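Residues 89 to 236, numbered by our numbering, are exactly what the sequence shown covers, in order.
Virtual Cβ for every residue (Gly too), placed ideally from N, Cα, C.
Note that the structure is predicted; figures quoted are calculated from it, not measured.
Let me begin by presenting the structure, written as structure tokens, before commenting on it.
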Amino acid sequence: MQVISANKKANFDYLIKEKYEAGLVLTGSEVKSLRINTGSIKESYIIEKKGELWLSNCYIKKYASSSSKLIDDKRQRKILVHKKELNKILGSIKREGMTGIPLLLYFNKKGLAKLTIGIGKGKKKQDKRLAIKSKEWGIRKQRLEKNK
């Protein structure tokens with residue numbers, strides 16, 4: 089598994105309940121661009137249009153040797169999932185007030201571009217502070233144990 093881009097801030101901003109693996113509809117030049125690690129999903133999000141999932145605001149740099157000149161770097165890309173998974177994702181997004189978050193963009197063993205989608209709920213400011221406090225305490229605890 090070759091990781092292209094990871095959304096590290098997602099675990100800080102959201103409480104992730106479920107994860108799904110999905111495919112992406114990409115053009116040939118976008119795949120070539122991703123092979124040289126020129127993609128980012130940091131500020132991207134998932135939207136629903138007409139019963140389908142779309143990845144919005146995902147940046148994939150234009151491949152230098154491609155012949156097409158009119159490619160948008162941040163165009164919307166269709167997400168491919170099985171029908172049952174799609175129904176679960178859409179149901180949790182609509183009914184439970186959850187959000188779909190892209191977590192990881194990578195190539196699998198077969199060389200296909202895949203996206204890991206997390207279904208989660210946004211954390212409030214006090215929850216984020218508590219997470220920071222517990223993380224810092226863990227670091228201090230390790231240092232104290234190491235210095236004994």
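Looking only at its chain, what residues have a beta carbon closer than 8 angstroms to the beta carbon of residue i, apart from the 5 residues adjacent to it on each side?
{"i": "glycine 111", "result": "Ile167, Leu168, Val169, Leu200, Ala201, Lys202, Leu203"}
{"i": "methionine 89", "result": "Tyr194, Phe195, Asn196, Lys197"}
{"i": "lysine 97", "result": "Lys130"}
{"i": "tryptophan 225", "result": "none"}
Whose CA, out of the options, lies closest to the CA of residue i?
{"i": "phenylalanine 100", "options": "Asp215, Lys229, Lys149, Arg228", "result": "Asp215"}
{"i": "serine 132", "options": "Ile148, Ser121, Arg123, Ile124", "result": "Ile148"}
Looking only at its own chain, which residues have a Cβ that is under 6 angstroms from the Cβ of residue i, when we skip the five neighbours before and after it?
{"i": "glycine 206", "result": "Ile104, Lys107, Ile189, Leu191"}
{"i": "leucine 153", "result": "Here residue 153 turns out to be serine, not leucine, going by the sequence shown. Cβ neighbours of serine 153 beyond the five flanking positions: none."}
{"i": "serine 121", "result": "Ile148, Lys149, Tyr151"}
{"i": "threonine 36", "result": "With the chain covering 89 to 236 only, the question about residue 36 has no answer from this structure."}
Within a Cβ cutoff of 7 angstroms, which residues of the same chain sit near residue i, ignoring the five residues on either side of it in sequence?
{"i": "glutamate 140", "result": "Lys166"}
{"i": "valine 119", "result": "Ala201"}
{"i": "leucine 178", "result": "Glu136"}
{"i": "arginine 180", "result": "This sequence places serine at residue 180; arginine is not what is there. If we look at serine 180 and ignore the five residues flanking it on each side, its Cβ neighbours are Met186, Ile207."}
Terminal residues of the continuous beta strand (DSSP E) containing residue i?
{"i": "serine 222", "result": "Serine 222 -> not in any beta strand (DSSP E); alpha helix (DSSP H) instead, spanning 213-235."}
{"i": "serine 154", "result": "Serine 154 -> no beta strand (DSSP E), and no H or E assigned at all."}
{"i": "isoleucine 135", "result": "133-137"}
Confirm, please, whether the CB-CB distance from residue j to residue i is below 8 angstroms.
{"i": "asparagine 145", "j": "lysine 172", "result": "no"}
{"i": "glycine 185", "j": "lysine 213", "result": "no"}
{"i": "serine 117", "j": "isoleucine 159", "result": "yes"}
Quick one: give me the first and last residue of the alpha helix (DSSP H) that residue i is part of.
{"i": "serine 117", "result": "116-123"}
{"i": "glutamate 109", "result": "Unbroken run through glutamate 109 is the beta strand (DSSP E), 102-112; no alpha helix (DSSP H)."}
{"i": "glutamate 173", "result": "171-183"}
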